[in-house]
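Novice: Residue 715 is where the sequence shown starts when you use my numbering, and the numbers rise one by one after that.
The beta carbon of each residue, even a glycine, is placed where N, CA and C say it ideally should be.
Here it is, the structure in full.
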Amino acid sequence: MKRFLVLVLGILSAVPRTAQTQSPPLTGFDAYVEQALRDWRVPGVAIAVVRNDSVVFSKGYGVRELGKPARVDGHTLFAIGSTTKAFTAAALAMLVDSGKVAWDDPVTKYLPWLELSDPYVTRELTVRDLLTHRSGLPRGDLVWYGSGLDRSEVLHHLRYLKPGWSFRSKYGYQNIMFLAAGEVVAAASGMSWGDFLKTRIFTPLGMSGTNTSVAALAGDVATPHKKIDDTVRVIPWRNIDNIAPAGSINSSVADLAQWLRLQLAGGTYGGRRLLSDSAVEEMHSPQMVIRISKDARDIFPDTHFLSYGLGWLLRDYHGKQFVGHGGAIDGMRAEIGLVPEAHVGVVVLCNLDGTSFPSAILYRALDAYLGAPPRDWSAVLLAATRKAEARGDSTDKAFEAKRVRDTHPSLPLERYAGSYVDSLYGTVEIAEQGDHLVARWGP
């Protein structure tokens, strides 16, 4: 249920390392963030705010790792998860601007070897489809998560992933389509996805600390944390190079503030145009309608529409268009949101997963700059989290109550041991261990 709630909410050239003085809209913000850190039990967070093409706030709070003194600052690197998707969309937009790609080109024009289970979808799937979660495919995340498969192998396995619903009929979040989008970038540009981002986006924006792989991490880096048995614990960084265009970027709020400046300025940065007006407009325009759930309506009662653009979630917020995205990977959470009409954007990065804390901080900051009525977002989202947890606990108890007691396996345990092979997910090894069975999958 925590993951569900997070998904619901998922919807200056150089910044000094020292904390900037709070501008009037953020008076009292320090105290609010510090209290929210305690309430949510988050080790550390970094926050930046951009307004009118200037970084008006950039600061870190808390620590990089529990039990160690190193503090988070504006240059601390975090995994930004699925907020990577907007970078992949921007890379393709640059190729559209240069005439090397068209949004409605078939994907097989660039990846002729790509095959899905439905020949019609294989033939009709477009570049736009890759970026809008309308392929009709379920997530299938275990194809890449912990599987040991490389990018080409993950895409090869798509032919075994059966549709969950009709092509283009409804929104269904899909990471592997963004992997395919990254491969289109490579095929059309002659550069790897990572090299293209570095050359065409990171370097022009001065995002010198940003990278696309855990293998490149060094220096001022946050440590991932997770709640395990209600205790916040350190966990390892996870390498997700095999799904990189969907979520592998590591960055800081100092760097991401420059990304916000580009988005808010309609594709220009420091007087240089990196993206056309039409490209930014296309990315920020609704492409696929998303049904607003009851949980989302309870939290955002004034929201009238929710949709997906090209790598961005879109909706109305206080009568203005909100463009944003969340990110989550083991031990890390990210939220990026901007209101172009108000020329303001916020980025929040933290080192605890499964939490709506970044959303609370983002909306608290946005409200201050939009002049919206004050709302205690931390309290609102904590209450929603606890409600979701209670509902999940109730469901678990109801499921357990239906268990038939005192049953026994039909066969001796050793008879179940062996290798079980699935064309989509690969091989699972079942072994007897004492008085129970264990499953091993992946490398």
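Please report the straight-line C-alpha distance between LEU875 and LEU1138, rounded to a whole angstrom.
Specialist: For LEU875 and LEU1138, the distance between alpha carbons rounds to 6 Å.
Novice: If you follow the alpha helix (DSSP H) that SER1184 is in, where does it begin and where does it stop?
Specialist: There is no way to answer for residue 1184, as the model of the chain reaches only from 715 to 1157.
Novice: Over the uninterrupted beta strand (DSSP E) stretch that includes LEU1151, give me the two end residues.
Specialist: 1150-1155
Novice: Based on DSSP bridge pairs, tell me the residues matched to ASN964.
Specialist: ALA793, ASN925
Novice: Just verifying my parser: in three-state terms, what is the DSSP assignment at LYS1111?
Specialist: helix
Novice: By the 10 Å Cβ neighbour count, where 16 or more other Cβ atoms means buried, how is ASP1012 classified, buried or exposed?
Specialist: exposed
Novice: Compute the distance between the beta-carbons of GLY1165 and GLY788, then report whether it is under 8 Å.
Specialist: For the chain, the structure presents residues 715 to 1157; residue 1165 sits outside this window and is missing.
Novice: Could you check how far apart the C-beta atoms of ARG842 and GLN977 are, in whole angstroms? I think they sit under 8 Å.
Specialist: Actually they do not touch by this definition, with Cβ atoms about 19 Å apart.
Novice: Go ahead and label TRP858 buried or exposed: buried means 16 or more other beta carbons lie within 10 angstroms of its beta carbon, across all protein chains shown.
Specialist: Buried, because 16 or more other Cβ atoms sit within 10 Å of the Cβ of TRP858.
Novice: When you compare only the Cα positions, how much space is there between ASP832 and GLY1051?
Specialist: 36 Å
Novice: Touch check for the region 1028-1040 and the region 909-922: three-plus C-beta pairs under 8 Å?
Specialist: no
Novice: Go ahead and label PHE1071 buried or exposed: buried means 16 or more other beta carbons lie within 10 angstroms of its beta carbon, across all protein chains shown.
Specialist: buried
Novice: Taking the straight line between their C-alpha atoms, what separation do you get for LEU839 and ARG1005?
Specialist: Answer to the nearest angstrom: the Cα atoms are 23 Å apart.
Novice: Apart from the five residues just before and just after TYR1134, which ones in its own chain have a Cβ nearer than 6 Å to its Cβ?
Specialist: VAL1142
Novice: Drop a sphere of 10 angstroms on the beta-carbon of PHE771, count the other beta-carbons inside from all chains shown, and report buried for 16 or more, exposed for fewer.
Specialist: Per the 10 Å Cβ criterion, buried.
Novice: When the Cα atoms are used, what is the spatial distance from ALA816 to ASP753?
Specialist: Near 47 Å, if we compare the C-alpha coordinates of ASP753 and ALA816.
Novice: List in chain order: all unbroken alpha helix (DSSP H) runs of 4+ residues lying wholly within the region 1054-1140.
Specialist: DSSP runs (the alpha helix (DSSP H)) wholly in the region 1054-1140: 1071-1084, 1091-1115.
Novice: At 4 residues or longer, what runs of the alpha helix (DSSP H) sit wholly inside the region 818-846?
Specialist: 833-838, 841-844
Novice: Here's the rule I'm using: 16 or more other beta-carbon atoms within 10 Å means buried, otherwise exposed. How should TRP1091 be labelled?
Specialist: Taking a 10 Å sphere around the C-beta of TRP1091, we find 16 or more other C-beta atoms and assign the residue as buried.
Novice: For the beta strand (DSSP E) containing PHE771, name the first residue and the last one.
Specialist: 768-776
Novice: In the DSSP assignment, find the unbroken alpha helix (DSSP H) run with LYS1008 in it and report its ends.
Specialist: 1008-1013
Novice: Spell out the partners DSSP gives LEU1052 in its beta bridges.
Specialist: VAL1037, GLY1059
Novice: Output the distance between the C-alpha atoms of ASN889 and LEU1020, rounded to the nearest integer angstrom.
Specialist: 19 Å
Novice: Just to confirm, is the Cβ distance from TYR1022 to TYR885 under 8 Å?
Specialist: yes
Novice: For THR800 versus LEU989, is the C-beta distance shorter than 8 Å?
Specialist: Correcting the residue identity first, residue 800 is Ala in this sequence and not Thr. Contact flag unset, no.
Novice: I want to check one thing, is the minimum distance from the CB of ALA958 to the heavy atoms of the ligand ZN below 7 Å?
Specialist: Ligands in the displayed structure: none, and consequently the ligand ZN is not present.
Novice: Distance, Cα to Cα, GLY1148 vs LEU740?
Specialist: 59 Å
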